[in-house]
Amino acid sequence: MSAASTAEPAFVAKTKAGRVTDFVDSRVGGSGILREFGRKVFPDHWSFMFGEVALYSFVILLLSGTFLTFFFDPSMAETHYDGSYVPLKGVEMSVAYSSSLNISFDIRGGLFMRQVHHWAALLFVASIAVHMLRVFFTGAFRRPREMNWVVGCVLLILAMAAGFTGYSLPDDLLSGNGLRIIDGVIKSIPVVGTYISFFLFGGEFPGTAIISRLYMLHILLVPALILLMIVLHLFMVVVHKHTQYPGPGRNDNNVVGYPLGPVYAAKAGGFFFIVFGVLALMAAFFTINPIWNYGPYDPSPVSAGTQPDWYIGFVDGALRLMPGTFGDWHVEQTWLGFVFTFNVLLPALVPAGILFTVMFTYPWIERWITKDNREHHVLDRPRNAPTRTGIGVAGFIWYCVMWAAAGSDLIATHFHVSLNDVTYWLRALFFIGPIIGFIVAKRVALALQRKDREIALHGRETGRIVRLPHGEFIEVHAPLDEYKRYKLVGFESPEVLPAVPNEHGVVTGNEKRRAFLSKWFFEDRVAPATPAELEAAHGHGHAAVESSEEAKSLSH
Amino acid sequence: MGNHSDGSPNHSGTVATAGQNEVEKFQDPGIPPHRLRLADTDPKAAKRAERQVALLFAISVVGTLIFLVAYFAIDLGEDSSIATIRLQNALLGVGTAFAMLGIGTGIVHWAKALMPDHEVSEERHAIRYEEDRQAAVRIVDDIVEETGIKRRPLIRNTLLGAVALAPLPAVAIFGDLGPRPDNKLAHTMWAPQDGKLKRLARDPDGTPIKAADVTIGSAFHVIPEGLNELHEGKLNEKAKAVVLLMRLDPASLHPSEGREDWGYNGIVAYSKICTHVGCPVALYEQQTHHLLCPCHQSTFDLTQECKVIFGPASRPLPQLPIAVDDEGYLVATSDFHEPVGPSYWERDMHERSINS
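This is the structure we're talking about:
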């Protein structure tokens, strides 16, 4: 065997390009890599693109950001503006703001790059968020992907950190007020808040250090961490292989899709250019963060209708929703001579804390409730996991209420309603919104499941009405082919797992809680249709119609 | 059997059940048969798709040219107007968009219309094989054994101790990121200097304000006299010292005990820094005598000494005691009697030390 392989003559490349390729390949082992990955199969679905959008936005951020660093000067030293934007000529400002204006007005392509960078940043966080919603609602976080879900959560936080540190760099009035709010929130932290504030700002707010410190975080530390996390994220995608939507021919032991080369690589690679092109269009026609309108940072003025970038909105909104006083009772309390600023501390930390804690731990929570320790590579259609879908929608609505609260003043002025009323309504929705969202989403999911069941058993409606010999009118249903039907019936529908005693024969309190949650999760379920039912439906088409009428009268 | 009822709660919670004792499931029919595209069967359609792809790539070339022309033909000189910049920005963007979208849509169209679209199925493999796990355990055991760390606890414990302490300098070295807060937040520029009371001056030009200039219903944005002449820490001082000055009908003010002489003829001055998280409380509603913070909508009632009547702030805005000097200018008779701005841990201590 080995003799035969040594006897094989060494490969000699014929063309020049071939010789170069062979030179590299014989030194790095590219052939093996290509053999492993060149035809690797990737499932295809439009909802898998959001992660790609995030990745490509990040690449565009690196490209445009590098350009910006060549011209930006993060100094807070005072200067008088001497650029070509007339309204600010001679105005006293920081070097950081002045150089941001120069990028916008005196460097060719600078404004375009700034706009691309800012739009890409907004898209980066947005696509991460949507990608996470996709992963959550389809149950893609289940074993073996729990850790990759956590890496994704870390990426979301890092993306927000990257966004916020970058947002503050131009040292304009709007971002300066953002920093002022951050300073106020930091100062509310018990015991160490004042110290953290002084250490962050290098003394009293605003000081002369914060912009250059944020700059270092923004262009070095945070992007490096993001890059590291992306490498981890993609490495795990390769290890796990991609999930796939349920359908005929797809199961937990295979992966069905297009080979990486050429189709998938072409689609994914082409998509990078499409994302770049769309961002370029947005940068060309939609102004984002016109810092020249705001003026340099000054602690005294502020404009009405100020808004943070969208991804910080939910924290700002939570700050707005919290009442500072209840009648004459102050939420801020002084105990033992120290100040507990609950009116800031609670809204700044508690909602974000709950949101992120649940997000990070959700794969383990569900795993504990369902006792499901199997590997899942086939996704759930959201309707087939009604309670999870309800939880996701509840969280989403909770987030959106807080996010909307960050624009409470704009809602009030735009719709000509009282600002106070908007706040009262949003305060109420903060509590009842998620509950309504949960109930509605769960019921919609169950209804869709029932519809699937109906279609699987009785076929789809054709809209063709036929009159039977005895006078009855019926609508003809066309049966599904087996592939379409399998998509509707080939899912798992877990049942309630009652509490079981442990090895000592004791049902622990923890197990009781698990069983309670399991009941809450799965007591409402629609079982997938079975072949016997299909048989029965074909045999007694009328019985099914009658029973559904019966059900209607029940629900009245 | 096969009912489609709504999930009525007295029905064991199950919305729809499978037939009794049925475990049977539908069989997976496998990947659906491949359907040919138009370009697979019709050479004309294939040729057409080929031309479309080439056209998209050509559009990309045009986009690149647009970018270059816009970059070199439009020069941002000293006197370039906003319109020029806007035009250049739009053309650069359109050029880039065409260049990128041409390539992107071209490649995707090529992939979708002309590249083979047979779905293939690939086996998944175990993420970890038991065999590998056992081998890994053996290797780790060997490594641990060879280091002898289990047999030599002295080495292990001293190493742990050393490693635990080694990061301390890294923590300590950040101790100089900022000065200690001390009581810096408790004082502002309004404190009288060398016995001389500070005049109230207009923000931003710094001209002092005469009491006679303040008519009923008017409001002034105020900074302490001398702020603009500071060479260092100007913004830091301004961030604490900015004040709103308003004049109301004296009858509508209800000063509490000890504060009767903090205003002058209905002229009162309050800190402009919100007690919530420090935004400037910049909006004065003249009719209702409310002050509103545009950041989080905390609302303060001037007629009740800036008590919070709405929003997330919990404390009233601090009042600056003012009077009139012999030239008729408004002056601050003392610093604020409490720290201004957002609350912080030591705030109450500072307030007590100011008033003692």
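Line order of the protein sequences matches chains A and B. Residue numbering for the first sequence follows the working numbering, starting at 32 and increasing by one per position. Residue numbering for the second sequence follows the working numbering, starting at -9 and increasing by one per position. Glycine included, C-beta positions come from ideal geometry on N, C-alpha and C.
DSSP places residue 196/A in the helix class (H, G or I) of the three-state scheme.
Taking all protein chains shown into account, residue 404/A has fewer than 16 neighbouring C-beta atoms within 10 Å of its C-beta and is therefore exposed.
Residue 388/A counts as exposed, since fewer than 16 other beta carbons sit within 10 angstroms of its beta carbon.
Exposed is the label assigned to residue 64/A, since fewer than 16 other Cβ atoms lie within 10 Å of its Cβ. Residues of the segment 154 to 182 of chain B with a C-beta atom less than 8 Å from some C-beta of chain A are 164, 167, 168, 169, 170, 171, 174 and 175, listed in chain order. Setting aside the 5 residues that flank it on each side, residue 342/B has no residue in the same chain whose C-beta is closer than 7 Å to its C-beta. Comparing C-alpha distances from residue 183/B to each of 325/B, 27/B and 31/B shows the shortest one belongs to 325/B. The distance from the Cβ of residue 285/B to that of residue 208/A is about 7 Å, consistent with a contact at the 8 Å cut-off. In the three-state DSSP reduction, residue 199/B falls in the coil class, being neither helix nor strand. Using beta-carbon distances, residue 115/A counts as an interface residue toward chain B, with a partner under 9 Å. With respect to chain B, the C-beta atom of residue 222/A has a partner C-beta closer than 9 Å.
Secondary structure at residue 335/B: coil, using DSSP grouped into helix, strand and coil. Put simply, the CB of residue 238/B is far from chain A, with every gap to its CB atoms at 9 Å or more. For the segment 429 to 455 of chain A, the residues whose beta carbon sits under 8 Å from a beta carbon of chain B are, in order, 439, 440, 450, 451 and 454. Nearest in C-alpha terms to residue 164/A, of all of 347/A, 201/A, 180/A and 283/A, is 180/A. Looking at the backbone, the Cα of residue 327/A and that of residue 256/A are separated by about 31 Å. The three-state secondary structure of residue 252/B, taken from DSSP, is coil. In the structure shown, the three-state DSSP call for residue 238/B is coil.
Per DSSP, residue 426/A lies in no beta strand (DSSP E); the unbroken alpha helix (DSSP H) holding it starts and ends at 417 to 436.
Counting along the chain, residue 451/A sits inside the alpha helix (DSSP H) bounded by residues 450 to 489. The alpha-carbon of residue 287/A is positioned some 4 Å away from that of residue 111/B.
Contact annotation: residue 239/B and residue 199/B have beta-carbon atoms that are not nearer than 9 Å. Residue 223/B: not part of any beta strand (DSSP E); DSSP gives it neither H nor E.
For residue 46/B against residue 99/B, the beta-carbon gap comes to about 6 Å, under 8 Å, which counts as contact. Of the residues assessed, residue 32/B falls on the exposed side of the cut-off, its CB having fewer than 16 other CB atoms within 10 angstroms.
No Cβ of chain A is located within less than 9 Å of the beta carbon of residue 296/B.
Pairing residue 80/B with residue 66/B, the inter-Cα distance amounts to about 14 Å. Annotated three-state conformation of residue 279/B is coil, per DSSP.
Among the residues of chain B, those whose CB is under 7 Å from the CB of residue 298/A are 98 and 101, following chain order. The contact set of residue 465/A on chain B, defined by CB atoms closer than 7 Å, is empty, because the minimum CB distance reaches about 21 Å. Annotated as proximal: residue 152/A and residue 340/A, with beta-carbon spacing under 9 Å.
Restricted to the segment 265 to 335 of chain B, not a single alpha helix (DSSP H) segment is unbroken, complete and at least 4 residues in length.
Below 8 Å, enough C-beta pairs join the segment 51 to 67 of chain B and the segment 134 to 144 of chain A to call them touching: three or more. Counting C-beta atoms within 10 angstroms of its own C-beta, residue 429/A has 16 or more neighbours from the protein chains shown and is therefore classed as buried. Of all C-beta pairs linking the segment 243 to 263 of chain B to the segment 282 to 297 of chain B, three or more are shorter than 8 Å, placing the two stretches in contact.
Counting along the chain, the unbroken alpha helix (DSSP H) around residue 207/A starts and ends at 204 to 218.
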